[in-house]
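K.L.:
Residue numbers for the sequence shown follow the working numbering, so the first one is 37 and each next one is one higher.
For every residue, glycine included, the Cβ atom is placed at its ideal position computed from N, Cα and C.
Here it is, the structure in full.
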Amino acid sequence: MLTCLKVSGFKNLVDVDVPLGPFTCIAGANGTGKSNLFDAIQFLSALADHTLVDAAQSVRSEEGRTSDVRNLFHRFSDTDNMEISLEAEMIIPEKGVDDLGQHVQATTTLLRYRIVLGYRVEGSQPSLGALKLIEERLEHLKLGDWGKHLKFADHRKDWRDSVLKGKRRVPFISTRIQGENRVIKVHQDGGDSARPQTVLSKTSPRTVLSTINTAENPTALLARREMQSWKLLQLESSALRESDAFTTRPGLGSDGSHLPATLYGLARSAKNGNPVSQGKEIYAQVAAWLSELIDDVAAVRIDRDERRELLTLEVVDQSGTVYPARTLSDGALRFLALSVLESDPKATGLICMEEPENSIHPSHIPLILGLLQNIATDVTIPVGSDNPLRQVIVSTHSASVIQEIFDDTLLIAELGEDEPDSPQSSGARFSWLSDTWRVAVLPEVPPVSKDQLLAYLGPTMPRTAPPKSRLQRNQRLLDRSDIQPLLFDFNDTE
Numbered sequence: 037m038l039t040c041l042k043v044s045g046f047k048n049l050v051d052v053d054v055p056l057g058p059f060t061c062i063a064g065a066n067g068t069g070k071s072n073l074f075d076a077i078q079f080l081s082a083l084a085d086h087t088l089v090d091a092a093q094s095v096r097s098e099e100g101r102t103s104d105v106r107n108l109f110h111r112f113s114d115t116d117n118m119e120i121s122l123e124a125e126m127i128i129p130e131k132g133v134d135d136l137g138q139h140v141q142a143t144t145t146l147l148r149y150r151i152v153l154g155y156r157v158e159g160s161q162p163s164l165g166a167l168k169l170i171e172e173r174l175e176h177l178k179l180g181d182w183g184k185h186l187k188f189a190d191h192r193k194d195w196r197d198s199v200l201k202g203k204r205r206v207p208f209i210s211t212r213i214q215g216e217n218r219v220i221k222v223h224q225d226g227g228d229s230a231r232p233q234t235v236l237s238k239t240s241p242r243t244v245l246s247t248i249n250t251a252e253n254p255t256a257l258l259a260r261r262e263m264q265s266w267k268l269l270q271l272e273s274s275a276l277r278e279s280d281a282f283t284t285r286p287g288l289g290s291d292g293s294h295l296p297a298t299l300y301g302l303a304r305s306a307k308n309g310n311p312v313s314q315g316k317e318i319y320a321q322v323a324a325w326l327s328e329l330i331d332d333v334a335a336v337r338i339d340r341d342e343r344r345e346l347l348t349l350e351v352v353d354q355s356g357t358v359y360p361a362r363t364l365s366d367g368a369l370r371f372l373a374l375s376v377l378e379s380d381p382k383a384t385g386l387i388c389m390e391e392p393e394n395s396i397h398p399s400h401i402p403l404i405l406g407l408l409q410n411i412a413t414d415v416t417i418p419v420g421s422d423n424p425l426r427q428v429i430v431s432t433h434s435a436s437v438i439q440e441i442f443d444d445t446l447l448i449a450e451l452g453e454d455e456p457d458s459p460q461s462s463g464a465r466f467s468w469l470s471d472t473w474r475v476a477v478l479p480e481v482p483p484v485s486k487d488q489l490l491a492y493l494g495p496t497m498p499r500t501a502p503p504k505s506r507l508q509r510n511q512r513l514l515d516r517s518d519i520q521p522l523l524f525d526f527n528d529t530e
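Given below as structure tokens:
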């Protein structure tokens with residue numbers, strides 16, 4: 037779980053400091069930096085898994101994928117700041133499995149990871165340059181200081197006790213100067229008594245964290261696993277409509293692929309663990325969510341084609357008519373995919389999603405927001421199979437979404453004001469509403485002004501029923517006493 041992200045020098049993100057909770061909605065006009073924040077998260081995830089070159093090339097650009105790594109760096113007034121710093125504070129899973137199938141356990145679960153990258157010119161053409169590793173650190177955060185790092189609302193002691201474990205006195209990865217060189221050291225969980233592994237930073241083709249794959253460094257390995265689990269969910273209708281082979285491994289792809297195999301695997305896991313009725317409950321749970329969107333839904337099931345060895349998702353209506361996935365609407369398929377994700381206890385980590393309102397009727401926006409909030413971990417009860425450690429960040433420029441979300445989950449993205457000789461003037465800024473938890477974290481950040489919110493406060497009909505969400509503890513943006521006077525009055529006929 038990513039609790040705080042600091043970015044500087046990446047695209048239009050300069051000195052950005054964003055505290056995050058279990059569910060966050062980032063709102064802003066096109067070009068303000070919403071997608072760049074997602075790209076920074078995905079870049080961090082890629083750096084934990086791939087070489088520097090491959091991680092850079094995986095980042096989106098206006099032309100598709102980045103071919104010139106200079107496009108990753110912030111540009112200001114004809115000059116390039118050829119240094120990117122990324123820092124993530126996170127809660128990692130306490131237990132996991134290494135690449136050899138060995139079970140590992142973290143020494144501590146509250147960590148800070150920091151990486152600094154530079155640009156190295158190779159050859160006569162600057163566009164042929166590459167990234168270089170300048171600094172890399174993985175450090176523990178004192179569990180006794182959890183109050184400084186977990187500022188989001190409503191988290192209870194039972195939840196904290198289930199995710200905050202262990203202790204540590206020395207870093208897991210550090211960067212030091214030795215003579216004229218920078219070296220990165222990997223310290224084993226045993227502490228100072230174990231001889232650290234040393235890597236020369238300027239010649240390393242990848243982050244040190246991305247090389248850790250065995251039980252010798254369990255905490256660093258589980259930090260890597262956490263970062264590998266950060267995904268950008270871009271649901272594609274064609275992928276959602278596909279059938280799966282019997283041999284397909286369960287797990288929803290970033291594009292929504294393998295939906296049938298994932299749902300079928302969930303039902304089989306429930307059957308193997310307990311009575312057969314639990315397998316049926318999985319299908320019933322997904323059908324219950326879909327019936328909130330489509331009134332006529334009676335059941336959701338998986339058809340097994342023994343001859344072709346294919347699994348196909350099907351929806352059955354109240355009259356018994358069967359609809360294969362290929363005949364369902366885009367909105368129904370997206371909603372089905374999120375419903376299956378919500379039911380999957382193995383689907384953990386951070387999920388980023390752009391414009392969740394796509395293909396959804398405006399009247400159903402509270403419903404899909406309730407589903408997305410249910411996907412995120414419930415911080416009022418301990419983490420477990422019925423409450424996975426999951427986090428959701430969505431971005432939008434839809435007024436219909438912004439009006440419905442809880443006020444303390446909202447971030448507003450905008451471009452900095454025009455200040456001569458200031459790199460921040462061309463960069464993204466993120467702010468939040470007054471009287472919400474982020475104000476206490478960063479009191480120096482001016483809260484969102486009423487003028488900024490006016491663009492998102494259009495006419496809205498009263499809600500007839502609350503969304504199907506377990507998170508009922510906060511108020512919608514529309515329900516705030518300081519926002520109500522700004523709203524259009526449907527009863528005003530003058």
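Go ahead and label L56 buried or exposed: buried means 16 or more other beta carbons lie within 10 angstroms of its beta carbon, across all protein chains shown.
P.N.:
buried
K.L.:
For chain B, find out if any of its Cβ atoms is closer than 9 Å to the Cβ of S434; answer yes or no.
P.N.:
Although the question refers to chain B, the structure presented lacks it and comprises just one protein chain.
K.L.:
Mind checking I213: buried by the 16 CB within 10 Å criterion, or exposed?
P.N.:
exposed
K.L.:
Just the C-alpha distance for T60 and V428, rounded to the nearest angstrom, thanks.
P.N.:
6 Å
K.L.:
Can you name the start and end residues of the alpha helix (DSSP H) that M126 belongs to?
P.N.:
Taken as a continuous stretch (DSSP letters only), M126 belongs to no alpha helix (DSSP H), being part of the beta strand (DSSP E) at 119 to 127.
K.L.:
Buried or exposed for Q224, going by 16 or more other Cβ atoms inside 10 Å?
P.N.:
buried
K.L.:
Give the straight-line distance between the Cα atoms of E123 and L147, rounded to the nearest whole angstrom.
P.N.:
11 Å
K.L.:
Closest to P402 by C-alpha separation, out of G420, E440, S246, would be which residue?
P.N.:
E440
K.L.:
Can you round the beta-carbon distance between L136 and I120 to whole angstroms, since I take them to be within the 8 Å contact cut?
P.N.:
The pair is not a contact, with the Cβ atoms about 33 Å apart (cut-off 8 Å).
K.L.:
Within 8 Å, do at least three Cβ pairs link the stretch 467 to 486 to the stretch 417 to 433?
P.N.:
no
K.L.:
Use the C-beta contact count for D487: other C-beta atoms within 10 angstroms, 16 or more gives buried, fewer gives exposed.
P.N.:
Label assigned to D487: exposed.
K.L.:
Measuring only the C-alpha atoms, how far is L177 from V336?
P.N.:
About 45 Å.
K.L.:
Identify which residue in R285, E450, W325 has its Cα closest to the Cα of Q382.
P.N.:
The displayed chain sequence assigns Lys, not Gln, to residue 382. With distances taken between Cα atoms, K382 lies closest to R285.
K.L.:
Mapping the DSSP letters down to three states, classify D194 as helix, strand or coil.
P.N.:
Note: D194 maps to helix in three-state DSSP.
K.L.:
Are there 16 or more other CB atoms within 10 angstroms of the CB of E530, so buried, or fewer, so exposed?
P.N.:
At E530, the pLDDT of 44 sits below 50, so the modelled position is not reliable; the number obtained from the coordinates is stated separately. Under this definition E530 is an exposed residue.
K.L.:
Is the stretch 38 to 49 touching the stretch 412 to 422 in the sense that three or more CB pairs, one from each, lie closer than 8 Å?
P.N.:
no
K.L.:
Let's test the definition: count the other Cβ atoms within 10 Å of the Cβ of S274 and tell me whether it reaches 16, buried, or not, exposed.
P.N.:
exposed
K.L.:
Straight-line CA distance for G367 to N394?
P.N.:
Those two C-alpha atoms are separated by around 7 Å.
K.L.:
Hey, is the stretch 350 to 369 in contact with the stretch 322 to 338, meaning 3+ C-beta pairs nearer than 8 Å?
P.N.:
yes
K.L.:
What are the complete alpha helix (DSSP H) segments, minimum 4 residues, inside the stretch 128 to 212?
P.N.:
Counting only runs of 4 or more, we get 182 to 185, 193 to 199.
K.L.:
Which residue spans inside the stretch 229 to 306 form an unbroken beta strand (DSSP E) run of at least 3?
P.N.:
233 to 236, 267 to 269
K.L.:
What whole-angstrom Cβ distance do T283 and D380 have, given they're in contact under 8 Å?
P.N.:
Not really, about 19 Å apart at Cβ, beyond 8 Å.
K.L.:
If you count every other CB in all the chains shown that lies within 10 Å of the CB of V222, and 16 or more means buried, which is it?
P.N.:
buried
K.L.:
Beta-carbon within less than 8 Å of T243's beta-carbon, same chain only, minus the 5 sequence neighbours each way: which residues are those?
P.N.:
L83, A84, L88, I151, L169, E172
K.L.:
Take C388 as the anchor and find which of G45, E345, S81 has the nearest alpha-carbon.
P.N.:
S81
K.L.:
I338 and P377 - do their beta-carbons sit closer together than 9 Å?
P.N.:
This sequence places Leu at residue 377; Pro is not what is there. No, the pair does not count as a contact, with Cβ atoms beyond the cut-off.
K.L.:
If the criterion is Cβ atoms closer than 9 Å, does the pair I77 and K70 meet it?
P.N.:
Taking 9 Å as the cut-off, the Cβ atoms of I77 and K70 do not count as close.
K.L.:
Buried or exposed: where does E480 fall if 16 or more other Cβ atoms within 10 Å of its Cβ makes it buried?
P.N.:
E480 counts as exposed, since fewer than 16 other C-beta atoms from the protein chains shown sit within 10 angstroms of its C-beta.
K.L.:
Would you mind stating whether F208 and A256 have Cβ atoms separated by less than 9 Å?
P.N.:
yes
K.L.:
Closer than 6 Å by C-beta to S237: which residues in its own chain qualify, once you throw out the five before and the five after it? Chain order, please.
P.N.:
L169, R218, I220
K.L.:
Is A166 closer than 9 Å to V105 when the C-beta atoms are compared?
P.N.:
yes
K.L.:
Check each candidate in K201, D190, V477 and name the one with the smallest Cα separation from G180.
P.N.:
Of the candidates K201, D190, V477, the one whose C-alpha sits nearest the C-alpha of G180 is K201.
K.L.:
Checking 9 Å against the spacing of the C-beta atoms, do G45 and E450 come in under that value?
P.N.:
no
K.L.:
Between which two residues does the alpha helix (DSSP H) holding E378 run?
P.N.:
366 to 379
K.L.:
Which class does D443 belong to by DSSP, given the choice of helix, strand or coil?
P.N.:
helix
K.L.:
In whole angstroms, what is the alpha-carbon distance linking Y359 and V333?
P.N.:
Approximately 10 Å, taken between the alpha carbons.
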